[in-house]
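See structure below.
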Amino acid sequence: MNPRRKIGVLLPALLAAAMIGGRELGWHPVAIGIAATAERTPLYYQDPSGKPDYSPTPKKDAEGRDYVPVYDDQGAAPVSTPASPAPAAAPGGERKILYYRNPMGLPDTSPVPKKDSMGMDYIAVYADEGSGTVPGTVKISPERVQMLGVRTEAASSRSIAHTVRAVGTVAADERRIGVVNPKFEGWIEKLLVNTTGQTVRRGEALLEVYSPDLVLAQREYLVAREAAADMAQSDAMTRDNAKAIAAAALSRLKNWDISADQLARLQRTGTATRTLTLSAPIGGIVMEKTALEGLHFGAGDMLYRIVDLSTVWLLADVFEQDLAQIRPGQSAKITVQAYPGRVFDGRVAFVYPTVNAQTRTAKVRIEVPNPDLLLKTDMYATVEIAAPVESPTVLTVPDSAVLDTGTRQTVLVDRGDGRFEPRAVKLGARAGGYVAVLEGIRDGEKVVTGANFLIDAESNLRAALQAFTAPEGKSP
Numbered sequence: 001m002n003p004r005r006k007i008g009v010l011l012p013a014l015l016a017a018a019m020i021g022g023r024e025l026g027w028h029p030v031a032i033g034i035a036a037t038a039e040r041t042p043l044y045y046q047d048p049s050g051k052p053d054y055s056p057t058p059k060k061d062a063e064g065r066d067y068v069p070v071y072d073d074q075g076a077a078p079v080s081t082p083a084s085p086a087p088a089a090a091p092g093g094e095r096k097i098l099y100y101r102n103p104m105g106l107p108d109t110s111p112v113p114k115k116d117s118m119g120m121d122y123i124a125v126y127a128d129e130g131s132g133t134v135p136g137t138v139k140i141s142p143e144r145v146q147m148l149g150v151r152t153e154a155a156s157s158r159s160i161a162h163t164v165r166a167v168g169t170v171a172a173d174e175r176r177i178g179v180v181n182p183k184f185e186g187w188i189e190k191l192l193v194n195t196t197g198q199t200v201r202r203g204e205a206l207l208e209v210y211s212p213d214l215v216l217a218q219r220e221y222l223v224a225r226e227a228a229a230d231m232a233q234s235d236a237m238t239r240d241n242a243k244a245i246a247a248a249a250l251s252r253l254k255n256w257d258i259s260a261d262q263l264a265r266l267q268r269t270g271t272a273t274r275t276l277t278l279s280a281p282i283g284g285i286v287m288e289k290t291a292l293e294g295l296h297f298g299a300g301d302m303l304y305r306i307v308d309l310s311t312v313w314l315l316a317d318v319f320e321q322d323l324a325q326i327r328p329g330q331s332a333k334i335t336v337q338a339y340p341g342r343v344f345d346g347r348v349a350f351v352y353p354t355v356n357a358q359t360r361t362a363k364v365r366i367e368v369p370n371p372d373l374l375l376k377t378d379m380y381a382t383v384e385i386a387a388p389v390e391s392p393t394v395l396t397v398p399d400s401a402v403l404d405t406g407t408r409q410t411v412l413v414d415r416g417d418g419r420f421e422p423r424a425v426k427l428g429a430r431a432g433g434y435v436a437v438l439e440g441i442r443d444g445e446k447v448v449t450g451a452n453f454l455i456d457a458e459s460n461l462r463a464a465l466q467a468f469t470a471p472e473g474k475s476p
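Rendered as structure tokens:
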């Protein structure tokens, strides 16, 4: 007889005998199947040919064959070893796998092992990495933390100042400018300071001038003084009138800015001189000189302009939006192109009350000591003004700890044991490498200051994958 035909005849008989025997022993085949199914639920279904193709639900391949169920107990079913990692747990059954994520970081997950279009295995995501933590929290092994060079620093309270940056020009201190402009008419007989840029001291002789009015005033004083001496024996009223005329003549010379030593010489010698000397009203540098020997000048003509540059002004153009932070007395750091690396210290003295309509800037006057006369007028300069924040101390973190997307600012908080939590924060002023944190973290919490971009990329991926993860037993 044909072997296939023998099997067809014997198989029904064997099944019938098994059913009869089962009834005698109290078994029921359907009950046995239900019990087995209840005890062992397939984790997933694998391609019957052993290919790395899986399905969370029963499925048939292209040839109509059923996919093979894979159970938690791998030895209970005749299943080929999958090409990808087993989804149930890591060796030893210590960690439960939640799902598998795309190895390239794409928002694509799978409840079962899978390969991407390039043949790369999907990466297992375990329950202990995200269970009981804030979405996006990432757990990194100590070895990887060391390899990435992760650095942390605790948030702390400190006083910081916001730096306002501006540009400006150096100008002379208006209170340290003096001019020589005689109050009488005359001629320049001799120039004693004859070059622009020459340094002079206060009271130093500048030029000798001849003026008929000066000569006449000297003689009037001498005559009045002699008359007062001749009337020394007269009555008191006559003596007083003579003295008053002499004093008035001397006051006239004083009002014409004739120096005290020249007046003393006039009183001592009793002789009028043809020329008198004009002196420097302040010490400084001769910035302008119109005086020439033999030049005729009128009353009020400026012959010299002298500027003391030991202290100068920096007139900085501060933008309108920064004006509220500028106060007199704030310190400033000034740099100029002429001296690279050299920093000059100054202090805000005055904020001008007007704003330029075209540039939307206001002038801020900064006083800068200039003992070495390195700063010249009209030099171009940059300035940084330290503007303290409102509170004396604020909670701060390093600038490098902040991950700024433009619309959202985040820091990574070290929760210990290799866990890092992304935390949205509200920031305040920045200065000195630190930024004030108004909301989001507490004093003493450690934030990541180094390799935070790498951790943030992993954290964002985890949060995205959790949002895209499908419920267990269903396709994504």
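In terms of the working numbering, the sequence shown opens at residue 1 and continues consecutively. We treat Cβ as the ideally placed atom computed from N, Cα and C, and that holds for glycine.
1) Pull the bridge partners of K363 from the DSSP assignment, please.
2) Would you mind giving the Cβ-Cβ distance between A480 and I160, rounded to the nearest angstrom? I have them listed as a contact below 8 Å.
3) Would you tell me roughly how many angstroms separate the C-alpha atoms of K363 and A386, rounded to the nearest one?
4) Looking at the structure shown, is M287 part of a helix, part of a strand, or coil, going by DSSP?
5) If I measure Cβ to Cβ from P111 and keep anything under 6 Å in the same chain, skipping five residues before and after, which residues do I get?
6) Is it buried or exposed for V167, if we count other Cβ within 10 angstroms and need 16 for buried?
7) On the criterion of 16 or more Cβ atoms from any shown chain inside 10 Å, does D240 qualify as buried, or is it exposed?
8) List the residues that DSSP assigns as beta-bridge partners of W187.
9) Nearest-angstrom Cα distance between V180 and G433?
10) Relative to the C-alpha of T359, which candidate in V318, A349, P142 has its C-alpha closest?
11) DSSP beta-bridge partners for D322?
12) Output the distance between the C-alpha atoms of E189 and L207, rounded to the nearest integer angstrom.
13) Among residues of its own chain, excluding the 5 on either side of L427, which ones have a beta-carbon nearer than 8 Å to its beta-carbon?
14) Write down the C-beta distance between R365 and A349 rounded to the nearest angstrom, noting that I regard them as a contact closer than 8 Å.
15) Under a Cβ-count criterion, where at least 16 other Cβ atoms within 10 Å of its own Cβ denotes burial, should K289 be classed as buried or exposed?
16) Just the Cα atoms here: how many angstroms apart are W187 and D322?
17) Considering Cα atoms alone, identify which of Y71, D116, V150, A155 is closest to I441.
18) For I282 versus R176, is the C-beta distance shorter than 9 Å?
19) On the three-state DSSP scale, how would you describe I282?
20) For V125, which option in T109, N370, N255, D116 has the closest C-alpha, if you only look at C-alpha atoms?
21) Give the straight-line distance between the Cα atoms of D301 and P182, rounded to the nearest whole angstrom.
22) Among S310, V447, R347, which has the Cα closest to the Cα of R201?
23) Determine the burial state of V307: buried for a count of at least 16 other Cβ atoms within 10 Å of its Cβ, exposed for fewer.
24) Who are L403's beta bridge partners in DSSP?
25) Can you tell me the Cα-Cα spacing of L192 and A205, whole angstroms?
26) Please classify A36 as buried or exposed, where buried requires at least 16 neighbouring CB atoms within 10 angstroms.
27) Using the rule of at least 16 other Cβ atoms within 10 Å of the residue's Cβ for burial, across every protein chain shown, is Y503 buried or exposed?
28) Going straight from the alpha carbon of D480 to that of A332, what length do you get?
29) Counting pairs of beta carbons, one from the stretch 206-222 and one from the stretch 252-263, are three or more of them closer than 8 Å?
30) Which residue marks the beginning of the alpha helix (DSSP H) containing K333, and which one marks its end?
31) Under three-state DSSP, which class holds S234?
32) If we call anything under 9 Å between Cβ atoms a contact, is R225 one with Q267?
33) Straight-line CA distance for E480 to L375?
Let me lay it out:
1) D317
2) Because the chain in this structure spans residues 1 to 476, residue 480 falls outside the shown range and cannot be described.
3) 17 Å
4) strand
5) P56, Y99
6) exposed
7) exposed
8) Y210, H296
9) 52 Å
10) V318
11) DSSP output for D322 lists no bridge partner at all.
12) 8 Å
13) V402, Q409, V435, A436, V437, L438
14) 5 Å
15) buried
16) 54 Å
17) A155
18) yes
19) coil
20) T109
21) 7 Å
22) S310
23) buried
24) T410
25) 7 Å
26) Caution applies to A36, whose pLDDT of 42 falls short of 50 and renders its modelled position unreliable; the value that the coordinates give is listed next. Classification of A36: exposed, given that the 10 Å Cβ count is below 16.
27) A question about residue 503 goes unanswered here, because the residues of the chain that appear run from 1 up to 476.
28) Nothing can be reported for residue 480: it is not among the residues displayed for the chain, which extend from 1 to 476.
29) yes
30) Counting along the chain, K333 falls outside any alpha helix (DSSP H), though it belongs to the beta strand (DSSP E) covering 331-336.
31) coil
32) yes
33) As shown, the chain starts at 1 and ends at 476. That puts residue 480 outside it, with no answer to give.
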